[in-house]
Each structure stands twice: as C-alpha cells, then as structure tokens.
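Please read the structure below before turning to the comments.
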Amino acid sequence: MAASLVVTVVGPDRPGIVNRLSDVARRFGANWAESRMASLAGQFAGIVHFEIAEREADALEGALRGLAASGLQVAIARGEPLTAAGPERRIKLSLVGNDRPGIVRELSGALARRGVSIDELHTAIESAPMSAERLFRFDALVSVPANVADDDLRRELEALANELMVDLEVSPPSAA
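Take a look at the structure:
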C-alpha cells in the first residue's frame, strides 16, 4: 500500500535545499512525484508530493521534520485518494493589467462562485515595456465543472476584466 505525502518547505533561499529534500526522500525509498518551487522575496518556497510505501511514511515524515534544524519550516499533509467530482474540463486564464490590490480576490471569487477550481496559479509584478509602470500578471490553469457553460463563464470573466480594467485571455490548456 502506498501513501502520499504533500510537503511544504519555506526558508531562506540558498543552494542545496532541493538536494537535501531529495536526499531525505531517497533514503526512505520515496518517489518524487510532483513539485512546485520558487524563490520569492529571498525565501525558498516549495511544495513536493512524495509517494512512499505506507510502512516508511512515518519515518520519512520524521526525517523531513528534522530539516527544521537547518532553518527550514516544514509542513506535511497526508494526501487523500482522488475521487471523481464529475466531468470537468480545463482552461487557461491569463490576465495582465495595472497592478493594484484586490485583483486575485476578485478573480478567485468569481471562479469560486461558479465552482471552478484553480489547479495552478502563477502571478508576478512586471514592468511595462514602454512606461515601466507596474503590471500584474495572473496565469492560471483551472478546472471547470461540466454544468458551467463556456459562454457564461467567459461573459462573467470578461465583465470582471472590464471592471478591473485588465486584459483577460481564456483558452484551452494546450494553447499555454
């Protein structure tokens, strides 16, 4: 029987953090199944999904928690088996506009009201090419329930984009 551990690691960014994580996982025979990692404001932030034999899961958890001694904050959650929530389709959302507080709140609220789940989200503040103004970029891959019509979702998101004065693009994930 296999267990899934989802591990979040945060700490001052420095070389070797990923190597330490992979070394600990390898010692217990864990498979590095999936991850997302970034350096944000001088901090390393990573999420890793490990697959491991159930009999080794507790020992791996203990060893991963031991990374706190090196200045890393470690949080571990046991993954649950996936259950089918019904037919869904995935779409990609891309938004860019002048930076201001509340863009993520407004967009994520509109998605949540429709039962749309954000599977992946990447945001950044960039300089506009000509003016050097701060532009906010939002790129997401979302799962849309079968009972939500594409046209209805697109209309709602476009109305919100107009209200926020941002450019929004909705496309299939293969157009990413």
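Per the working numbering, the sequence shown runs over residues 4 to 179.
C-beta atoms are modelled at their ideal positions from N, C-alpha and C, and glycine is treated no differently.
Note that the structure is a prediction, hence the values are computed from the model and not measured.
Bridge partner(s) assigned by DSSP for residue i
| i | result |
| --- | --- |
| Asn34 | Glu54 |
| Asp142 | Ser97, His125 |
| Ser42 | Phe47 |
| Ser91 | First, the amino acid is wrong: residue 91 is Glu here, not Ser. Answer is Pro148. |
DSSP-derived helix/strand/coil call for residue i
| i | result |
| --- | --- |
| Ser120 | strand |
| Leu75 | coil |
| Ala179 | A caution first: Ala179 carries a pLDDT of 46, below 50, which makes its placement in the model unreliable, though a value can still be read off. The answer is coil: DSSP assigns Ala179 none of H, G, I, E or B. |
| Val151 | coil |
| Asp102 | coil |
| Ala113 | helix |
| Ala48 | strand |
| Ser134 | coil |
| Arg23 | helix |
| Glu83 | coil |
Best match in the options for proximity to residue i [C-alpha to C-alpha]
| i | options | result |
| --- | --- | --- |
| Asn150 | Pro90, Ala28, Glu161, Glu123 | Pro90 |
| Val99 | Ala143, Gly118, Arg117, Leu70 | Ala143 |
| Ala80 | Glu57, Glu159, His52, Ala66 | His52 |
| Gly69 | Gly45, Val10, Arg158, Ile121 | Val10 |
| Ile121 | Phe139, Ile94, Arg140, Ser130 | Ile94 |
| Ser146 | Leu156, Met168, Leu167 | Leu156 |
| Gly32 | Gly45, Arg58, Pro15, Ile50 | Arg58 |
| Asn34 | Pro15, Ser111, Ser7 | Ser7 |
| Gly118 | His125, Gln46, Ala152, Ala131 | Ala152 |
| Leu110 | Gly49, Glu172, Ala78, Pro176 | Glu172 |
Residue range of the unbroken beta strand (DSSP E) whose run includes residue i
| i | result |
| --- | --- |
| Leu8 | 5-15 |
| Leu171 | 169-174 |
Proximity test, Cβ basis, 9 Å: residue i and chain D
| i | result |
| --- | --- |
| Gly82 | Looking for chain D here will not work: only one protein chain is present. |
Would the segment 10-23 count as touching the segment 39-53 if we require 3 or more Cβ pairs under 8 Å?
Because the criterion of three Cβ pairs below 8 Å is met, the segment 10-23 and the segment 39-53 touch.
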